[in-house]
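K.L.:
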Amino acid sequence: VVVAAGGDGTVNEVVNGLAGTAAALAVLPVGTVNVWAREIGLPLEPRAAAEAQLGVQPRNIDLGRADERYFLLMASLGFDATVTAGVRSDLKRRIGAFAYVWEAFRLALRYEGVAAQVVIDGRRFRGRYLMVVLGNSQLYGGVVKLTAHAIIDDGLLDVCLIRGRSLLGAPLRLLSIMTRRHREDSRISYYRARRLKISSKTPIDVQVDGDYIGSAPTVFEVAPAALLALIPNQAPPELFQR
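Under this note's numbering, the first residue of the sequence shown is numbered 351, with each subsequent residue one higher.
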């Protein structure tokens, strides 16, 4: 067992070292948001988190992969990745997760979306996108279940395409997601996929598990059963098919 003590960025770094090995991941959540801990019902107090993982048998779960970089939670391209890239580390230390809210409001006034071609398991889509999200798990930012039907051991990624030219309509789309009416929104569409390829004439920012990694990789894939992880007994059963 390898213990990752930190936030989701630290967990991601450890995951990239453990993927495909016989070592299991345990987590002590001492980061800013701790999405993975919230996802699996792990207590946010480190001692309680450690106790919740004692004696638990490791489970095989999927990972996503952005080119050669693995992700545990989700990857996304577009607006939120650009927000992540713009957040100052000193501001994040001072006000925590609110640093992302501040940067989102600052960026919203000038973000125009990105024209791109997206190929999902051979199905081709063209349009202008505010965001493209690939979820291995359900929680987005620790608050919203953007990919609410994602299962972390089904060998698939849940894909959310959010179309648009500006963020003027984004609050309404977010509200529809939070009230579970997102499938009625014609600008938000959902798919399940083993592989997604994206191409654009302009660079698209990418983040994985809350960390900015640069401009868009061309290929995202699922890596089935690539990680052993300690999952507490109180984890939501809908996260798993096995």
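Note that beta-carbon positions come from the ideal geometry of N, C-alpha and C, so glycine has one too.
Computed from a predicted model, the values in this text were never measured in an experiment.
Quick check: the Cα distance between lysine 495 and leucine 489, rounded to an integer number of angstroms?
P.N.:
4 Å
K.L.:
Is the separation between the beta-carbon of alanine 369 and that of valine 361 shorter than 9 Å?
P.N.:
When the beta-carbon positions are compared, alanine 369 and valine 361 stay at least 9 Å from each other.
K.L.:
For the beta strand (DSSP E) containing arginine 478, name the first residue and the last one.
P.N.:
In this chain, the beta strand (DSSP E) harbouring arginine 478 covers 473 to 485.
K.L.:
How far does the alpha helix (DSSP H) with arginine 443 in it extend, from its first residue to its last?
P.N.:
439 to 445
K.L.:
Following the continuous beta strand (DSSP E) through glutamine 584, name the residue where it begins and the one where it ends.
P.N.:
First-last for glutamine 584: undefined, no H or E at that position.
K.L.:
Please report the straight-line C-alpha distance between valine 365 and leucine 577, rounded to a whole angstrom.
P.N.:
8 Å
K.L.:
Does the beta-carbon of phenylalanine 455 have 16 or more other beta-carbons within 10 angstroms, so that it is buried, or is it exposed?
P.N.:
exposed
K.L.:
So, helix, strand or coil for glutamine 557, using DSSP?
P.N.:
Note: glutamine 557 maps to strand in three-state DSSP.
K.L.:
Would the beta-carbon of aspartate 559 fall within 9 Å of that of methionine 424?
P.N.:
yes
K.L.:
Quickly, what does DSSP pair glycine 414 with across the bridge? List them, please.
P.N.:
Under the DSSP definition of a beta bridge, glycine 414 partners with Phe421 and Val572.
K.L.:
Might you give, ordered along the chain, the residues of its own chain that have their beta carbon closer than 7 Å to the beta carbon of alanine 585, omitting 5 neighbours on each side?
P.N.:
Ile390 and Gly391
K.L.:
In terms of DSSP beta bridges, what is glycine 356 paired with?
P.N.:
Pro379
K.L.:
Tell me the rounded alpha-carbon separation between leucine 422 and arginine 460.
P.N.:
31 Å
K.L.:
Would you grab the beta carbon distance between valine 482 and serine 426 for me? Rounded to a whole angstrom, and I think it's under 8 Å.
P.N.:
7 Å
K.L.:
Which of helix, strand or coil does DSSP assign to glycine 367?
P.N.:
helix
K.L.:
With distances taken from CA atoms, which of Glu395, Leu546 and Lys547 is nearest valine 383?
P.N.:
Of the candidates Glu395, Leu546 and Lys547, the residue whose Cα lies closest to the Cα of valine 383 is Glu395.
K.L.:
Along the beta strand (DSSP E) that carries alanine 593, what are the first and last residues, could you check?
P.N.:
Here the chain has residues from 351 to 592 only, and residue 593 is not among them.
K.L.:
Which partner residues of leucine 427 appear in the DSSP bridge assignment?
P.N.:
Val482 and Val556
K.L.:
Within its chain, find whatever has a CB closer than 7 Å to the CB of serine 549; leave out the 5 residues flanking it on each side and keep chain order.
P.N.:
Ala466, Gln467 and Thr568
K.L.:
Return the bridge partner residues of leucine 546 from the DSSP annotation.
P.N.:
Residue pairing of leucine 546 in beta bridges, as defined by DSSP: Ile470 and Phe570.
K.L.:
Look at alanine 387 and valine 351 and say whether their C-beta atoms are less than 9 Å apart.
P.N.:
No, they are not a contact pair.
K.L.:
Count the other CB atoms, across all protein chains shown, that sit within 10 Å of the CB of arginine 415; report buried if there are 16 or more and exposed otherwise.
P.N.:
buried
K.L.:
For alanine 374, which three-state DSSP category applies?
P.N.:
strand
K.L.:
Can you give the Cα-Cα distance for lysine 551 and glutamine 407, rounded to whole angstroms?
P.N.:
47 Å
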